[in-house]
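Below is one structure, written out as structure tokens, with a few remarks after it.
Chains as they are written, first to last, in the UniProt record's numbering: chain A, 1 to 274; chain B, 1 to 274; chain C, 1 to 274; chain D, 1 to 259; chain E, 1 to 259; chain F, 1 to 259.
As structure tokens, then:
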């Protein structure tokens, strides 16, 4: 697609969203058998899988840390996930994305509980639209919870961008390609920022507003992550009926006032729902 | 060479062989100084060397197995061994050939005698015609015996192919290039199959017959391998005269009813016989 | 530059030097903060840095030697150091230069004092003219002394070449490109040769003379290396006044009869002198 | 250590079942696990399929690009098959370039498709010697539940069957369906203590001696075979596996795939 | 072991200083270390600069070559930025291909230059789609004294400002000055125990939680940001760092660099 | 550990022999081991030779292909020399890309041939700047019995002397003999406890301090030298080794090789 003349017409973006609206997101928890925790996540046309292994032994040994767990994060794109076939193996972009993604989730992990161990997080991008790193961080966060890794809270992530001189939430592909700025952000439930990158052109004032918009986006995503995890626990519990009520109560008490504004309609068509 | 019109004319193949006839094979045992066991083998125009080191220490340590020896097999083609110069280093083909070759000889090795150790087998192809993997397995098997690695028996290997719709033993280069199927096989003296690969097109019935033909070929090769090893022991014994009779008796008693049908005439022209 | 018609006119070379004259050399000691010892050295238009780390732990462990230190030498050219941008990472030339450079300095190191340890020497070429390996060895030798690694003496290095059928000391770039022979040499203060390479065409007699010329060149360089180290110690001592006289005496007593014939004029323009 | 003890116990248990003509998951020796195939799941790929075979899950994606043919087949398209055993799929997989298992899997998948002449490569030639279609078959193993070989072969051919050649995008005529002429299907059996079972689970795969994969075609002929593992087969066992594999591939074709 | 004890002690000491609004080298929280920039120090390079930032020392060299443009920007020159953490620079650096830190440094330097449109890439096109200038920015870290990011960005833009495009050498017209339109400057701050300090020394970098780099331009706008490190920032802290960074970059531009 | 004790004992024994002017295999200090050279042993190569030098055994193969010349020598063929220390040849060799010893061996072989102008590279130019012959010299070390350098040089030049340039196969005229103009031969000596011995066995090589290779030509001039090893030579020793090497190379040329 060539650069469109305008990205926002009468306050509506090319894919019909409002400037502050996220793309639909779908989250499935515990989709893999071998991994200790896993998550399949769709975010617009992004399709990503996250798996967590650990805490487990560190190989090679000299990478052990004496007082904390080592957290490793590998972000990888499938060869067929992008328009032009990608050569297998890590490139410079995915090395950087892996690093900042690890630094986005690691602050929430109680690594001190598992000295000399490794917690391995793998994110595979099966289909890439714009925003794969934010999709991957959202999925990784859920997979960590699914693996019962003790955490201070879930990390949620989305990007804010600038098109037609206006800030918009969660860039889709064309907005990303031709936009004026891209600011991926990840956040704790308390609004602490664990990922922040930016390229393009922003004024100080725009930066401030971008972080505020990202905060709203992350809150919505947090709700979806929580719902998906609760759904998962419920399913587990249906197989262990007697325990169900207890958990219901816990879930209730944790409920916050945040309301999901995304219609999580796209429940079909997933990779793993047979 | 372009594809010939016919590969078999009046029951005779392009190189003068009958359909069930092997190419000439020449085997020399103990040709290298540094290796614990070695073998030089010519099979048609194939010229291969096999060397065995071990049992020896495993590096890196974490590759050790607590209760058995690790068997490693590295098949490598010299850059000058083929028509078009081959870039040094392993390619995907040689990685696969190394794997199936190891799995062809390893079942015969008493690996349980050498826990935590490594037995390393190296096959170098100096000149490649068709059938280098079978030549390499034959040579490796003899080199293992020369290295005094305890084995249940020798493994023998040859291929069966299909040209002009007919099954033939031991494809040469042109038959391989233009043939309709190739089935490399390796066998124990008892006819148990430790290597079987196939590509091309075969019916069930042809497969059955192919395995039977390979069995006959392997029997002939087994005889040549045994003869070469006995020859080698004799030579050793000539330097230790007093022990010779005992071994003669052993050799006799092991003799089977298999008769070699190949004239092992090509005793000159080798790489190592000065 | 194309090949000039003559390299020596009326006994003077293209850059104004006499046949037995070195290019100007500038040596600064202790220029780096992190390294245990370091040296910045200009030799003609060559600009090189040497750093020494150690004795320190060996990684990986299996590279340890039980009775001596391991000496490692890594010669590396910056991508921008040469006319045509060099791809980062070691090529075959730098692997060989690293090896012979290590073997040029290692004989002078008391490696037996530091069993199981590593002494790491790094040479970075920031700008390459002809003779980078000799510049690197000179700098490495000084950096080893700066790191207080116990040594039998300093190693000094320069090349002799042949242009217009005549032997000349210390080839510059054009002489190197179009010359008839190049003989890099490194020497101990006692005239023992620790580096000798040669390519081109030399008679036995020319070889003899080349080594003699290199010996004279190395003596001059040795003086400069010593002066630079004394300068460095003096500077250190100025900060510890009371100790200064003692060292003056030591320096005096070590003084040899060798006189520097190089004007060490080029004291400005260095990388590190602010 | 405790892992080794577990493995020892598991091994003994599985052996004892086999002796009683049983398998841990209740299957018969000739019975394979449930299969779910989904196609065209990746819009960015020209073709794609996921296969769930018991606990095993993998995805194949097909990308087409223009490129130059091999010198010895100037009038034919090119197939490049790659398979990644990414560390997500198993605690035993490591990052890095494909090891011998990944290479073997990719090459056996490739041979099955190539040797059955499943893809009509001559129809993928644009200018002989200069320009042909390159077909990249990339297989991403996501959950290793055993018998990756059969799942990988199935995903590859299922993905290929849905490919539209994007000729228009490259300005060389109209898009067309990839000319697929055959449906090669691989069936794998392992030998455990003298018995032959097909579609081994991951635990069965671990305790098996030898393994044999037979890839067969619509007409009942065989296009690829591969023995692997430290063990052996008798000729009778090989003929038996070939029989069962051909039969089973017909069932799978009927149930899931058609030209 | 003793090294770890040392680190523990150092960490406690630095934390206690921060609590007293102090830094180990006496600087204020918004104060950066002394800077010395030298340009055109490598004659073989088309441009070069060394930067000394406190104890940190590195060299950037620029080489220009002819090459083909990227297919999606046929009328633009190409920037390739590479940074090597050579083992000379620190006992913690190892030989080998760039690791994640080197890659991140190179990419953030690159983004600052690229996104500020500092280089007018259209003027580096010779024949659209065929021949453009490739600008290789190679950064050699020689002494790691902390905050490599700011030093690397500074060296890159300082080196670029001195580049003459060697058109004559390639027989395509007269040499000309590289068209540099902006001077992006990176300023890095770290969070230590709730306080924000800029231009962290190596020890401060080690004990810091999160790190934030802000690259800003002549007009006060921001062209690149990068949070790294295992920690987080509040939105207020981010706005504060952006403010300080923009101010500091103006001072640096005034003192050292001009178009 | 016992290996180290053995090495210690062997070392002492060899040293004591040297002091008595003896070598373990009874040779004189200037005497080399038996040599057997066979040529044209690999039909698939344009030239080939095996060399047995005492216990050392290696094979050189020459392949010729068409390719583009280097930009700075547009009218000359190209020599590419590669040497592999494959793990078959010694328990000390490991798989993987050539290490420093293999690289050094290849480069010294290459320099001897190149600098003696042994191959007339101008006669290997087909179209200046576009098409020349590439000569691949691949040396496969099969059994390391010491002094690989001399054996490798010998195998390379012996193989080159038998090369026919396969012009016809590429459709560019008649085949012709590779234009070889000189026969560079390398002779290596080592210093052991002050004494100089030539053609070191593997054990002598291990205990030697320094090693010196001198490659000399038909006219008695030297085309390459290489000192290696952790040790040194006096100028007198170097002149002595050069003398012996030149003499020995004449004997070898007479006995084995001619233009």
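We put the CB at the ideal spot given by N, CA and C, even for glycine.
Please state whether DSSP places residue 212 of chain D in a helix, a strand or coil. The residue given as residue 212 of chain D occupies position 212 in the fourth chain. Assignment of residue 212 of chain D by DSSP, reduced to helix, strand and coil, places it in the strand class.
On the DSSP bridge list, what partners appear for residue 197 of chain A? Against the first chain, residue 197 of chain A aligns to sequence position 197. Beta-bridge partners assigned by DSSP to residue 197 of chain A: E/226.
Any C-beta of chain A within less than 8 Å: which residues of the segment 154-166 of chain D qualify? Answer set for the segment 154-166 of chain D: empty.
Would you say residue 189 of chain E and residue 198 of chain E are within 8 Å of each other, going by their C-beta atoms? Counted from its first residue, the fifth chain places residue 189 of chain E at position 189. Counted from its first residue, the fifth chain places residue 198 of chain E at position 198. In contact: residue 189 of chain E and residue 198 of chain E (Cβ atoms closer than 8 Å).
In terms of residues, what are the limits of the alpha helix (DSSP H) holding residue 138 of chain B? By one-based count along the second chain, residue 138 of chain B stands at place 138. That run of the alpha helix (DSSP H) goes 132-146.
Would you check if there are 3 or more beta carbon pairs closer than 8 Å linking the segment 93-105 of chain D to the segment 82-99 of chain B? Yes, the segment 93-105 of chain D touches the segment 82-99 of chain B.
Beta-carbon proximity of residue 225 of chain F to residue 234 of chain F, cut-off 8 Å: For this step, residue 225 of chain F is matched to residue 225 along the sixth chain. For this step, residue 234 of chain F is matched to residue 234 along the sixth chain. No.
Kindly indicate the opening and closing residues of the alpha helix (DSSP H) around residue 111 of chain F. To locate residue 111 of chain F, count along the sixth chain from 1; it is residue 111. Start and end: 100-115.
Are the C-beta atoms of residue 202 of chain B and some chain D residue less than 8 Å apart? Locating residue 202 of chain B in the second chain gives position 202, where the first residue counts as 1. Under the Cβ distance rule, residue 202 of chain B counts among the residues neighbouring chain D, one pair being separated by less than 8 Å.
I need the DSSP call for residue 111 of chain B, collapsed to helix, strand or coil. Residue 111 of chain B sits at position 111 when you count from the first residue of the second chain. The three-state secondary structure of residue 111 of chain B, taken from DSSP, is helix.
Got a sec: does the ligand ATP put a non-hydrogen atom nearer than 7 Å to the Cβ of residue 210 of chain F? As for the ligand ATP, it is missing from this structure, which has no ligand bound.
By Cβ distance below 7 Å, which residues in the same chain neighbour residue 181 of chain F in space, the five residues on each side in sequence not counted? Taking the first residue of the sixth chain as position 1, residue 181 of chain F is located at position 181. Result list for residue 181 of chain F: 117, 118 and 120, in chain order.
Can you grab the Cα-Cα spacing for the pair residue 24 of chain F / residue 14 of chain F, in whole Å? Taking the sixth chain and counting its residues from 1, the one referred to as residue 24 of chain F is at position 24. Taking the sixth chain and counting its residues from 1, the one referred to as residue 14 of chain F is at position 14. When rounded, the distance between both Cα atoms is 7 Å.
Can you tell which of B/138, B/189, B/184 and B/172 has its C-alpha closest to the C-alpha of residue 153 of chain B? Locating residue 153 of chain B in the second chain gives position 153, counting from the first residue. Minimum Cα-Cα distance from residue 153 of chain B among the listed residues B/138, B/189, B/184 and B/172 corresponds to B/189.
Return yes when the Cβ of residue 210 of chain F is within less than 8 Å of the Cβ of residue 227 of chain F, no when it is not. For the purposes of this step, residue 227 of chain F is identified with residue 227 of the sixth chain, where counting begins at 1. For the purposes of this step, residue 210 of chain F is identified with residue 210 of the sixth chain, where counting begins at 1. Yes, the Cβ-Cβ distance between residue 227 of chain F and residue 210 of chain F is below 8 Å.
Report yes if the C-beta distance between residue 95 of chain F and residue 74 of chain B is below 8 Å; otherwise report no. Residue mapping note: residue 95 of chain F aligns to position 95 of the sixth chain, counting from 1. Residue mapping note: residue 74 of chain B aligns to position 74 of the second chain, counting from 1. Using a Cβ distance threshold of 8 Å, residue 95 of chain F and residue 74 of chain B count as a contacting pair.
Exposure label - residue 81 of chain E; buried when at least 16 CB within 10 Å: Counting from one through the fifth chain, the residue named residue 81 of chain E turns up at place 81. By the C-beta density criterion, residue 81 of chain E is buried, having at least 16 other C-beta atoms within 10 angstroms.
Buried or exposed, going by whether 16 or more other CB atoms sit within 10 Å of the CB of residue 68 of chain E? Taking the fifth chain and counting its residues from 1, one reaches residue 68 of chain E at position 68. By the 10 Å Cβ count, residue 68 of chain E comes out exposed.
What residues of chain D sit near residue 191 of chain B, judged by a beta carbon separation below 9 Å? Along the second chain, read from residue 1 onward, the residue named residue 191 of chain B stands at position 191. Proximity of chain D to residue 191 of chain B at the Cβ level (cut-off 9 Å) is accounted for by 234 and 235, in chain order.
Taking only the alpha-carbon atoms, compute the straight-line gap between residue 249 of chain C and residue 234 of chain C and give it to the nearest angstrom. Residue numbering aside, residue 249 of chain C sits at position 249 when the third chain is read from its first letter. Residue numbering aside, residue 234 of chain C sits at position 234 when the third chain is read from its first letter. Residue placement at residue 249 of chain C is flagged as unreliable, the pLDDT there being 44, under the threshold of 50; a coordinate-derived value is accordingly withheld.
Residue 80 of chain C CB to nearest chain E CB: under 8 Å? Walking along the third chain from the start, residue 80 of chain C turns up at place 80. Chain E contact via Cβ: present.
In chain F, which residues lie less than 8 Å from residue 85 of chain B when you measure between Cβ atoms? Translated into the one-based positions of the second chain, residue 85 of chain B becomes position 85. What residue 85 of chain B touches in chain F: 63, 65, 136 and 138.
Assuming contact is defined by CB atoms lying nearer than 8 Å, are residue 71 of chain A and residue 106 of chain A in contact in what I supplied? As a first step, residue 71 of chain A must be located in the first chain, where it is residue number 71. As a first step, residue 106 of chain A must be located in the first chain, where it is residue number 106. It is a contact, given that the beta carbons lie within the stated cut-off.
Give me the DSSP bridge partner(s) of residue 184 of chain C. One-based indexing of the third chain puts residue 184 of chain C at position 184. When DSSP reads this structure, residue 184 of chain C sits in a beta bridge with C/159.
8 Å is my cut-off, CB to CB: does residue 197 of chain A come that close to chain E? Counting from 1 along the first chain, the entry for residue 197 of chain A is found at position 197. Taking Cβ atoms only, chain E reaches closer than 8 Å to residue 197 of chain A, which makes this a yes.
Taking residue 49 of chain B as the reference, which of B/56, B/55, B/62 and B/35 has the closest Cα? As a working mapping, residue 49 of chain B is identified with position 49 in the second chain. The option with the nearest alpha carbon to residue 49 of chain B is B/35.
Who are the neighbours of residue 92 of chain A on chain E, taking C-beta pairs under 7 Å? One-based indexing of the first chain puts residue 92 of chain A at position 92. At a beta-carbon threshold of 7 Å, the residues of chain E lying near residue 92 of chain A are 103 and 107, ordered along the chain.
Inter-residue spacing [alpha-carbon to alpha-carbon] between residue 31 of chain E and residue 16 of chain C: If you number the fifth chain from 1, residue 31 of chain E lands on position 31. If you number the third chain from 1, residue 16 of chain C lands on position 16. So the two alpha carbons sit approximately 50 Å from each other.
Give me the Cα-Cα distance between residue 79 of chain A and residue 74 of chain D, rounded to the nearest whole angstrom. As a first step, residue 79 of chain A is located in the first chain; it is residue number 79 there, counting from the start. As a first step, residue 74 of chain D is located in the fourth chain; it is residue number 74 there, counting from the start. Cα to Cα, the separation comes out at about 26 Å.
Interface positions of the segment 28-51 of chain E facing chain C (Cβ-Cβ less than 8 Å), listed along the chain: Within the segment 28-51 of chain E, the residues whose Cβ lies closer than 8 Å to some Cβ of chain C are 36, 38, 41, 42, 43, 44, 45, 48 and 50, listed in chain order.
Of all the CB atoms in chain E, is at least one closer than 8 Å to the CB of residue 89 of chain C? As a first step, residue 89 of chain C is located in the third chain; it is residue number 89 there, counting from the start. Chain E, which has a Cβ nearer than 8 Å to the Cβ of residue 89 of chain C, makes this yes.
C-beta atoms of residue 315 of chain B and residue 147 of chain B nearer than 8 Å: Summary: the structure shown does not reach residue 315 of chain B, with chain B confined to residues 1 through 274, and so no result is reported for it.
Taking residue 149 of chain D as the reference, give the member of D/125, D/93, D/177 and D/53 with the closest Cα. For this step, residue 149 of chain D is matched to residue 149 along the fourth chain. The option with the nearest alpha carbon to residue 149 of chain D is D/53.
If you reduce the DSSP assignment to three classes, tell me which class residue 253 of chain F lands in. Reading the sixth chain from its first residue, position 253 is the one you call residue 253 of chain F. If DSSP states are grouped into helix, strand and coil, residue 253 of chain F belongs with the helices.
Output the boundary residues of the beta strand (DSSP E) element that contains residue 39 of chain D. Here residue 39 of chain D is taken as the residue at index 39 of the fourth chain, counted from 1. Annotation for residue 39 of chain D: the continuous beta strand (DSSP E) segment containing it runs 35-39.
Assuming residue 29 of chain A and residue 229 of chain A make a contact with CB atoms under 8 Å, what is their CB distance in whole Å? Translated into the one-based positions of the first chain, residue 29 of chain A becomes position 29. Translated into the one-based positions of the first chain, residue 229 of chain A becomes position 229. Yes, residue 29 of chain A and residue 229 of chain A are in contact; Cβ-Cβ is about 6 Å, under 8 Å.
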